[in-house]
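Peer 1: 1496 is the number of the first residue of the sequence shown in the working numbering; add one for each residue after it.
Below is a structure I'd like to ask you about.
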Amino acid sequence: MTYDLHSSKDGYTGENSPLYEGPSDHGISAYLNVDYIMTYWKNHRADPKKLIVGFPTYGQTFTLSDPSDNGIGAYTISAGQTEKHTYEKGLWAYYEICNFLNQGATEKWNAPQEVPYAFRNTEWVGYDNVKSFQIKPQWLKDNNLGGAVVWPLNMNDFTGSFCNQGSFPLTSTLKKALNVHCPCYEASYCDEF
């Protein structure tokens, strides 16, 4: 599994599904990234074509101890607040993250780990977006891995009304990046994925 790599149980902020190790990662955190996990399995004789990379359509949320300390590794006091659609403390769907951004949250790109995070006041979320869904498939192809799995499909912006990136922006980006052709019978249905 290459997501849920950090959560509010850690006591500090961290990305849900970072591609690479970050500069502040130490101890076990140095192993909590997609590249390390897949390299580990390849080094232990797993067939790369049987390794599937997970792509999450949600983010892990945190409540910051100090709103002025809002980067990776900032101390936290709990999981982030619940949102009106997922109703789960510590987890927001991609469309809820877009809503958070639309309400004035600051978005930062975590270049060493190739994923974004966002914050406003004491709320913090680490997640994937369209940009990271373009970068990770290229890494997947460069490493000759077997493919991708998206979890869960229903947390993508399926209506296109929250993120202003069209319907299913994450899965559409992944499909294009991996050059996937849908074997559906109705082309209009296929265009949604």
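Don't be surprised by glycine CBs; every beta carbon is placed ideally from N, CA and C.
Treat the numbers as computed from the prediction; the structure is a model and nothing was measured.
(1) Taking Leu1586 as part of the beta strand (DSSP E), name the residues at either end of that continuous run.
(2) If you measure between the beta carbons of Leu1665 and Tyr1589, is that distance less than 8 Å?
(3) How about the stretch 1610–1624 and the stretch 1556–1564: do they share at least three Cβ pairs that are nearer than 8 Å?
(4) Is the stretch 1601–1610 close to the stretch 1505–1516, with three or more CB pairs under 8 Å?
(5) When you compare each of Trp1587, His1501 and Tyr1498 to Asn1651 by their alpha carbons, which one comes out closest?
(6) Touch check for the stretch 1640–1651 and the stretch 1597–1604: three-plus C-beta pairs under 8 Å?
(7) In the DSSP assignment, find the unbroken alpha helix (DSSP H) run with Tyr1531 in it and report its ends.
(8) Using CA atoms only, rank isn't needed, just tell me which of Tyr1535, Glu1591, Thr1571 and Ala1574 is closest to His1580.
(9) How many angstroms separate the CA atom of Val1625 from the CA atom of Gly1661?
(10) Quick check on this structure: which residue in Phe1653, Pro1518, Lys1636 and Asn1528 has the alpha carbon closest to the alpha carbon of Lys1544?
(11) Following the continuous beta strand (DSSP E) through Val1610, name the residue where it begins and the one where it ends.
(12) Which of the three DSSP states is assigned to Leu1579 in this structure?
(13) Put Phe1557 into one of helix, strand or coil per three-state DSSP.
(14) So, at 7 Å on beta carbons, what are the nonlocal neighbours of His1501 in its own chain, with the 5 sequence-adjacent residues on each side left out?
Peer 2: In short:
(1) Leu1586 to Ala1588
(2) Taking C-beta atoms as the reference points, Leu1665 and Tyr1589 count as a pair closer than 8 Å.
(3) These segments touch.
(4) yes
(5) Trp1587
(6) no
(7) Val1529 to Asn1538
(8) Looking at the Cα atoms, Glu1591 is the closest of the given residues.
(9) 11 Å
(10) Lys1636
(11) Val1610 to Arg1615
(12) In the sequence as displayed, the identity of residue 1579 is Lys instead of Leu. DSSP places Lys1579 in coil when its eight states are reduced to three.
(13) In the structure shown, the three-state DSSP call for Phe1557 is strand.
(14) Gly1509, Glu1510, Asn1511, Leu1527, Gln1555 and Gly1621
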